[in-house]
Every structure is written in C-alpha cells, then in structure tokens.
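The sequence shown maps to residues 0 to 323 in numbering that gives the first Met the number 0. C-beta atoms are modelled at their ideal positions from N, C-alpha and C, and glycine is treated no differently.
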Amino acid sequence: MKKAPYTVPESKKVRVLIDTDCHCEADDQYAVAHQLMTPKFDVVGIAAEHYAKNFGAASVADSMKQSFNEAQLIVDLMGLHDEVKVYKGCEEQLPDEKTPVDSEASRFIIEEAMKEDDRPLFVTVQGAMTNLASAYLMKPEIAGRMTVIWIGGGVYPEGGYEFNTINDLNAANVIMDSPVELWQVPMSVYRTMKVSFAELFLKVRPYGEIGRHLVDYMMEFNHRFVEYLSEVDQWMPRGVSEAAFRATYPGGENWQLGDSPVVGLMLTDHEGHYTVEGAPRFEAETCRYLLRPGNPRKIRVYNYVDTHFILEDFFAKIKYYFGD
Numbered sequence: 000m001k002k003a004p005y006t007v008p009e010s011k012k013v014r015v016l017i018d019t020d021c022h023c024e025a026d027d028q029y030a031v032a033h034q035l036m037t038p039k040f041d042v043v044g045i046a047a048e049h050y051a052k053n054f055g056a057a058s059v060a061d062s063m064k065q066s067f068n069e070a071q072l073i074v075d076l077m078g079l080h081d082e083v084k085v086y087k088g089c090e091e092q093l094p095d096e097k098t099p100v101d102s103e104a105s106r107f108i109i110e111e112a113m114k115e116d117d118r119p120l121f122v123t124v125q126g127a128m129t130n131l132a133s134a135y136l137m138k139p140e141i142a143g144r145m146t147v148i149w150i151g152g153g154v155y156p157e158g159g160y161e162f163n164t165i166n167d168l169n170a171a172n173v174i175m176d177s178p179v180e181l182w183q184v185p186m187s188v189y190r191t192m193k194v195s196f197a198e199l200f201l202k203v204r205p206y207g208e209i210g211r212h213l214v215d216y217m218m219e220f221n222h223r224f225v226e227y228l229s230e231v232d233q234w235m236p237r238g239v240s241e242a243a244f245r246a247t248y249p250g251g252e253n254w255q256l257g258d259s260p261v262v263g264l265m266l267t268d269h270e271g272h273y274t275v276e277g278a279p280r281f282e283a284e285t286c287r288y289l290l291r292p293g294n295p296r297k298i299r300v301y302n303y304v305d306t307h308f309i310l311e312d313f314f315a316k317i318k319y320y321f322g323d
C-alpha cells in the first residue's frame, strides 16, 4: 500500500488494536480496511473474534477461525501481510464472569496494553467482548491503559436482543463492571450507517483487489443472509409483520456498515453527541439493560455518528490507495 498523501503530527497518532468477528456478515471488513488506511492510526494487530454458532458456523471455535481467515485475507489483499499480524481469539464464550478463556488474542491485548508508549491505545471491539474480557480477567492492570470503543448493546433505555451482546453476555457484563474506559455505540446508532449497493459499485469496487472483495463478498452474503433470517427474528420490532420485516431487513440493495463508527470516533470524538452514564448491566438471556444511573463507574454512550463524514473518508481513502 502506498504512502499517505499527508502526514499527521506525532502527538495526534494513536495505537489501534482491532478486535473483529470479521467473517460474521459483511460490514466488519469495511471498518478493518478503513482503519488500515488511516494515517493517524498505528494498527498494532488484529484479534479474531468469534460470532458464536451464527451464520452457518459449526461452533464458537469455528466462527473464530473463519474470522481469523477473513481478517488475514483483508490484510493480504491490502498488501500488508508483513506489517499487520492477525491473532487467533477465544474458542469459547466466558463460562461465567470470573473465568477467562485463554487465547493468543487475549494475551496480545495484555502485551500491547502494558507497553510503555506515550501514544494512547484504542481497542476497537466490532463484535462480542470475549477476547477483551478474558484479557482483563487475566490481568486487571490493563484497565487504565486503553480506551475501548464497542459496537454493541440495544437501544436505550430498554435494550433487548442485540447480536454483539448476546454472543457473550458474561463478557459484556465483565467489561461493564470493570474500570476500563468504554465508549459504547448502541444499535440505534450503528444501524444508521446505511450505504447503497449502487454507491459501493461506484465508489469501492473499482479500486483494487480489496475493493472487489469488499463488494463481492457483500453481494454474496446479501443472498446468503436470507437463509439466516430465522436466527434474527428476535430483532423484529413491534408492530411490524414478519413479511415486512423480511423484506426490509436488510433492504435488498443496501447494507449497514455498523462497525465503521469506530473509525469516525477516533478521528473526531463527536463531542456533544454522547452522554456519560452509569454503566448498566445486561439481563441474562434477554439482553435488556439493568440501568444503574447512580453507578460511579461511568461510560460514554453515543447517540449519533456523522455517517457522511465516515463514509466519505472511506471512499476517498480507498480511491487514493488502490486507484490507478
């Protein structure tokens, strides 16, 4: 990948550790590629996250391995094989809120967090929090040495079934109860990252092997997703018929790049578009919020991201780095 067209002051650069369930559906790849193309970010590594037994995965371990392979493919297609390492994550969910699951990725999170480096460390969690929660349980000292941006959690204040939460409810509660600095992007916000297929064919697919893969994978998954709709019936909003839900989620010629807010929030933290809340917990099985407004442990909860800014930055970068 060629050099950036501009430089970023050293004092503004950040270390980024990406945690991604990259093969889960079709949006993680865009967020991963975007982070790798951003000069402000020094991507120190990618942790492969499981997505439980969803979307055809035979097991938790199988879903993690698929994420590992897809993340490695993204790195290879971008010509970064020798620069960015992908680490294998946990092969099972946390059995409870006290027992970590050892993995290469969890150990790498600890290693990177404990480094002496003046640049802040951001961990961008684009899925379940198993790798991160395991790292924290293994070495609680990492809590004050990083900022976590998590794509996850249902709509406030009720909450409810949400994919990244339900894939490891124990891990989500571990981090909510920890002192880790957490910026949460709940479902009501990350689902606003809509993009049309027409726009992707115009602004992404022409640009290199990575552009073709990003779009072609999404087109293939768009058809395959129909087979999995029964797995997400719990997302169906009240007052909507099953037929209408199936026709509009997703819409057939658009997708939501729900993981891409991690990029926007590291580029500009969207001051004024979040509230500081007492960290809630999640109710077992339902994922409903157990609100704790008086909780001294505080987190940021975002209510908006600038989708235009994030998408246009991505489109400009993929054209620059992989255009003719």
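Cutoff 7 Å; reference glycine 152; Cβ partners in own chain excluding five residues on either side: In the sequence shown, residue 152 corresponds to position 153, counting from 1. Closer than 7 Å at the Cβ level, and outside the excluded window around glycine 152, lie Gly158, Glu161, Thr164, Gln183, Pro185, Met186.
Residues near valine 179 by beta carbon distance below 6 Å, same chain, minus five either side: What you label residue 179 is simply residue 180 of the sequence shown in a count that begins at 1. So the qualifying residues of the chain are Ala142, Val147.
Cα-Cα separation between proline 4 and cysteine 23, rounded to whole angstroms: Numbered from its first residue, the sequence shown carries residue 4 at position 5. Numbered from its first residue, the sequence shown carries residue 23 at position 24. If you take the alpha carbons of proline 4 and cysteine 23, they lie about 33 Å apart.
Pick from Lys97, Pro139, His80 that is closest to arginine 106, judged by C-alpha positions: By 1-based counting over the sequence shown, the position of residue 106 is 107. Among Lys97, Pro139, His80, the Cα nearest to that of arginine 106 is on Pro139.
Terminal residues of the alpha helix (DSSP H) in which threonine 306 lies: Numbered from 1 along the sequence shown, position 307 holds the residue referred to as residue 306. Residues 306 to 321.
Alanine 330, DSSP secondary structure in three states: A question about residue 330 goes unanswered here, because the residues of the chain that appear run from 0 up to 323.
Cβ contact check for the stretch 29 to 40 and the stretch 261 to 271: 3 or more pairs under 8 Å: The stretch 29 to 40 vs the stretch 261 to 271: in contact.
Three-state class that DSSP yields for aspartate 41 in the structure shown: In the sequence shown, the residue the question calls residue 41 occupies position 42. DSSP places aspartate 41 in strand when its eight states are reduced to three.
Anticipated Cβ contact below 8 Å, histidine 49 with valine 42, distance rounded: Residue mapping note: residue 49 aligns to position 50 of the sequence shown, counting from 1. Residue mapping note: residue 42 aligns to position 43 of the sequence shown, counting from 1. Actually they do not touch by this definition, with Cβ atoms about 21 Å apart.
DSSP beta-bridge partners of glutamine 183: Residue numbering aside, residue 183 sits at position 184 when the sequence shown is read from its first letter. Answer is Trp149, Val300, bridged to glutamine 183.
Integer-rounded CB distance, given that valine 124 should sit under 8 Å from isoleucine 150: Against the sequence shown, residue 150 aligns to sequence position 151. Against the sequence shown, residue 124 aligns to sequence position 125. The beta-carbon distance between isoleucine 150 and valine 124, rounded to whole angstroms, is 7 Å. This is short enough to meet the 8 Å contact definition.
Cβ separation of leucine 16 and alanine 46, assumed to be a contact under 8 Å, to the nearest whole Å: Position 17 of the sequence shown holds residue 16. Position 47 of the sequence shown holds residue 46. That pair is a contact at about 7 Å.
Boundaries of the alpha helix (DSSP H) in which phenylalanine 162 is found, first to last residue: Walking along the sequence shown from the start, residue 162 turns up at place 163. Here the alpha helix (DSSP H) through phenylalanine 162 covers 162 to 165.
Inter-stretch contact (C-beta, 8 Å, three-pair minimum) for the stretch 84 to 91 and the stretch 110 to 121: no
Extent of the continuous alpha helix (DSSP H) to which threonine 333 belongs: This structure gives no information on residue 333, because the portion of the chain shown stretches from 0 to 323.
Unbroken alpha helix (DSSP H) run spanning glutamate 276, endpoints: Here residue 276 corresponds to residue number 277 of the sequence shown, with the count starting at 1. Membership of glutamate 276 in any alpha helix (DSSP H) is not indicated; the residue belongs instead to the beta strand (DSSP E) covering 273 to 277.
Residues that DSSP places opposite asparagine 253 in a beta bridge: The residue you call residue 253 lines up with position 254 of the sequence shown. Residue pairing by DSSP places asparagine 253 opposite Ser195 in a beta bridge.
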